[in-house]
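Peer 1: Quick one: this structure, given as structure tokens, is what I'll be asking you about.
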Amino acid sequence: MAKELTSREENYSQWYNDLVIKADLAENSAVRGCMVIKPYGYAIWEKMRDELDRMFKETGHVNAYFPLFIPKSFLSKEADHVEGFAKECAVVTHYRLKNNPEGTGVVVDPEAKLEEELIVRPTSETIIWSTYKNWIQSYRDLPILCNQWANVVRWEMRTRLFLRTAEFLWQEGHTAHATEQEAIEEAQRMLEVYADFAENYMAVPVIKGVKSANERFAGALDTYCIEALMQDGKALQAGTSHFLGQNFAKAFDVKFANKEGKEELVWATSWGVSTRLMGALIMSHSDDNGLVLPPKLAPFQVVIVPIYKTEEQLTMINEKANSIIKSLKSLGIRVKYDNNDTKKPGWKFAEYELKGVPVRLAIGARDLENGTIEVARRDTLSKETVSIEGIDQYILHLLEDIQKNIFQIALERRRKFTRKVDSWEEFKTEIEKGGLLLCHWDGTPETEEKIKEETKATIRCIPLDAEEESGICVYSGKPSTRRVVFARAY
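One point on numbering: in my numbering, the residue at position 242 of the sequence shown is 1571, and numbering is uninterrupted.
Below, the structure is given as structure tokens:
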């Protein structure tokens, strides 16, 4: 199966598409621009969702659900917001079909036109803030810390599975606060949650930063982000957290009485990550043999494959395998035993390598005699024969090592792909090689736009830990006080 994959060196984009499909993660649907997430792909997403949901709840957030449809007038209330999303909106204009009077099939009933068109949510700030107006009267009602797991629609013409589709799954947090400082702290807190998840669960190193005005979320005063680097040298925005100020409170007249009884506008944040993280996971770690999954997010972390010639051997192997499975599960390790007799061991090895299962155990009759078992790790493609005695603890530590190893590989790759650039000629040369370029920028949207027009590179973020450093803008030659991160991106 892996031989059917296009190599990364030959065509990285085709390699990605091949891998998503052949590893049974997702496929294109009958609806143009939309995808079907297959069971194995959805199992990985579920692991992501469950871990993030736990992290959100540990920071005091609760889940709710808001309507899929948004009245068109709501999007008109916040000017920057509607301008940012207007070209991506799917619009519902009618509420009924009827049989085609001129033939077979159905047509839209012209008598069923909606009085006001409905927008299929591209994001939920407007519908949520119209609701918060009913929930908030006093400072005692604040803060509101809500999160929603949902699907959204942003009409995309050029799509790629997981990375950019017309409909995708995500979570969107929407919080309301009594003070500006509380809201800023919330936006920054959620950025830290995303960074923690990316690095410690996805094993993807990220840069924490703030977006330039050009790249900021529509309607936000500040957008915080985590940026990751893929194997082909392109950046990928892995998560964003927005300080919305009082823009949506003004738009929907959401006020509260403070402790002195004075009426004030509420302060807001929103933050989200999506199934785009699946694309980041695939492109960060996988190789020409298939997926490489971090153990913390793998649907099953260990697969056991029996090797036998007779039913008697299989019976003995089954007994030993069940004992191993019990001890692994007692340690919280997710394990699958594949004794399906319609597939040969070699086929199974290739299948689980393609699907990125972190550890494969193979056990045969001779292993039973010797008290040994073969252990193969997916990240290094190495194999060794070890004692069955204490195999549970051995696997536990091996999974921890694999998680750390794939993070270190990605971190080292990013280090090699990150370089300082100080002249425009050097910039134009280096951007063709891919990676992250640390450059001085004069802070103007005009310069940022010119660089994008000429090189297709954008400011991925202004790193939060960027040190003050006097310099001159790589494009305009004007003064600059710190370096920002430029890259071509997904």
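Beta carbons: idealized from backbone N, C-alpha and C, even for Gly.
1) Below 8 Å CB to CB, which residues in the same chain sit around Asp1347 once its five sequence neighbours on both sides are set aside?
2) What is the DSSP secondary structure of Met1330, reduced to helix, strand or coil?
3) For Val1360, which three-state DSSP category applies?
4) Between Asp1438 and Pro1430, what straight-line distance do the alpha-carbon atoms span, to the nearest angstrom?
5) Flag this pair as yes or no: are the beta carbons of Lys1481 and Thr1452 separated by less than 8 Å?
6) So the beta strand (DSSP E) Glu1440 belongs to, where does it begin and stop?
7) What residues in its chain sit with their C-beta under 6 Å from that of Arg1689, if we drop five residues either side in the sequence?
8) Given a threshold of 16 other Cβ atoms within 10 Å of its Cβ, counted over all protein chains shown, does Ala1441 qualify as buried or as exposed?
9) If the criterion is Cβ atoms closer than 8 Å, does the pair Ile1654 and Ile1692 meet it?
10) On the CB-based measure, 16 or more other CB atoms within 10 Å of its CB, does Val1813 come out buried or exposed?
11) Give a yes or no on contact between the segment 1472–1491 and the segment 1499–1519, applying the rule of three or more CB pairs nearer than 8 Å.
12) If we call anything under 8 Å between Cβ atoms a contact, is Gln1732 one with Ala1532?
13) Return the chain-ordered ranges of every beta strand (DSSP E) run that is complete within the segment 1620–1699 and spans a minimum of 3 residues.
14) May I ask you to report which of helix, strand or coil DSSP gives Glu1528?
15) Rounded to the nearest angstrom, what separates Thr1754 and Val1436 at their Cα positions?
16) How far does the beta strand (DSSP E) with Ala1567 in it extend, from its first residue to its last?
17) In the DSSP assignment, what residue or residues form a beta bridge with Arg1812?
18) By Cβ distance, which residues of its chain are closer than 6 Å to Leu1610, with the 5 residues on each side in sequence left out?
19) If distances are taken between C-alpha atoms only, which option among Ile1555, Lys1785, Ala1818, Gly1772 comes closest to Arg1811?
20) In whole angstroms, give me the CA-to-CA distance for Met1607 and Ile1735.
21) For Ser1459, which residues of its own chain have a beta-carbon under 7 Å away from its beta-carbon, when the five flanking residues on both sides are left out?
22) According to DSSP, simplified to helix, strand and coil, what is Val1583?
23) Mark Trp1344 as exposed unless 16 or more other C-beta atoms lie within 10 angstroms of its C-beta, in which case mark it buried.
24) When DSSP labels each residue in this structure, what does Tyr1553 get in the three-state scheme?
25) I'd like to check one pair, Tyr1553 with Leu1520: are the Cβ atoms closer than 8 Å?
26) Could you give the distance in angstroms between the alpha-carbon of Ala1331 and the alpha-carbon of Glu1485?
27) Can you tell me whether Gly1856 is helix, strand or coil according to DSSP?
28) Identify whether His1423 lies in helix, strand or coil by the three-state DSSP scheme.
29) Throw me the rounded Cβ distance for the Phe1678 and Thr1604 pair, which I believe falls under 8 Å.
30) Go through its chain and collect everything with a Cβ distance to Phe1875's Cβ below 6 Å, but skip five positions before and after it.
31) May I ask you to verify whether the segment 1639–1655 touches the segment 1588–1605, counting CB pairs closer than 8 Å and requiring at least 3?
32) Kindly indicate which residue of Val1634, Leu1471, Arg1487 has the alpha-carbon position closest to the one of Ala1694.
33) Based on the DSSP output, what are the partners of Gln1500 in its beta bridges?
34) Is it buried or exposed for Pro1368, if we count other Cβ within 10 angstroms and need 16 for buried?
35) To the nearest angstrom, how far is it from the Cα of Val1449 to the Cα of Asn1618?
Peer 2: Checking against the coordinates, here is how it stands:
1) Glu1333, Leu1334, Thr1335
2) The pLDDT assigned to Met1330 is 47, lower than 50, so where the model puts this residue is not dependable; a value taken from the coordinates is nonetheless given after this. Coil, per DSSP.
3) coil
4) 11 Å
5) Strictly speaking, residue 1481 in this sequence is Val, with Lys absent from that position. Yes, they are a contact pair.
6) No residue range can be given for Glu1440, since it is assigned to no beta strand (DSSP E) and is classified by DSSP as neither H nor E.
7) If we look at Arg1689 and ignore the five residues flanking it on each side, its Cβ neighbours are Val1632, Tyr1681, Ala1705.
8) Answer is exposed; the Cβ neighbour count stays below 16.
9) no
10) By the 10 Å Cβ count, Val1813 comes out buried.
11) Yes: at least three Cβ pairs fall under 8 Å.
12) yes
13) 1631–1636, 1664–1666, 1688–1693
14) In this structure, Glu1528 counts as helix in the three-state DSSP scheme.
15) Before going on, a small fix: residue 1754 reads as Glu here, not Thr. One C-alpha to the other measures close to 58 Å.
16) 1564–1574
17) His1769
18) Met1531
19) Gly1772
20) 16 Å
21) Phe1403, Phe1581
22) coil
23) With 16 or more other Cβ atoms inside 10 Å of its own Cβ, Trp1344 counts as buried.
24) Three-state DSSP puts Tyr1553 in a strand.
25) yes
26) Interpretation of Ala1331 is limited by its pLDDT of 47, a score under 50 that renders its predicted location unreliable; no figure is taken from the coordinates.
27) Because the chain in this structure spans residues 1330 to 1819, residue 1856 falls outside the shown range and cannot be described.
28) strand
29) Between Thr1604 and Phe1678 the Cβ distance is about 29 Å, and since that is not below 8 Å, they are no contact.
30) Because the chain spans 1330 through 1819 in this model, residue 1875 falls outside it and cannot be assessed.
31) no
32) Val1634
33) Looking at the DSSP output, Gln1500 bridges to Trp1478, Val1602.
34) The residue in question, Pro1368, is exposed, as its Cβ has fewer than 16 Cβ neighbours within 10 Å.
35) 39 Å
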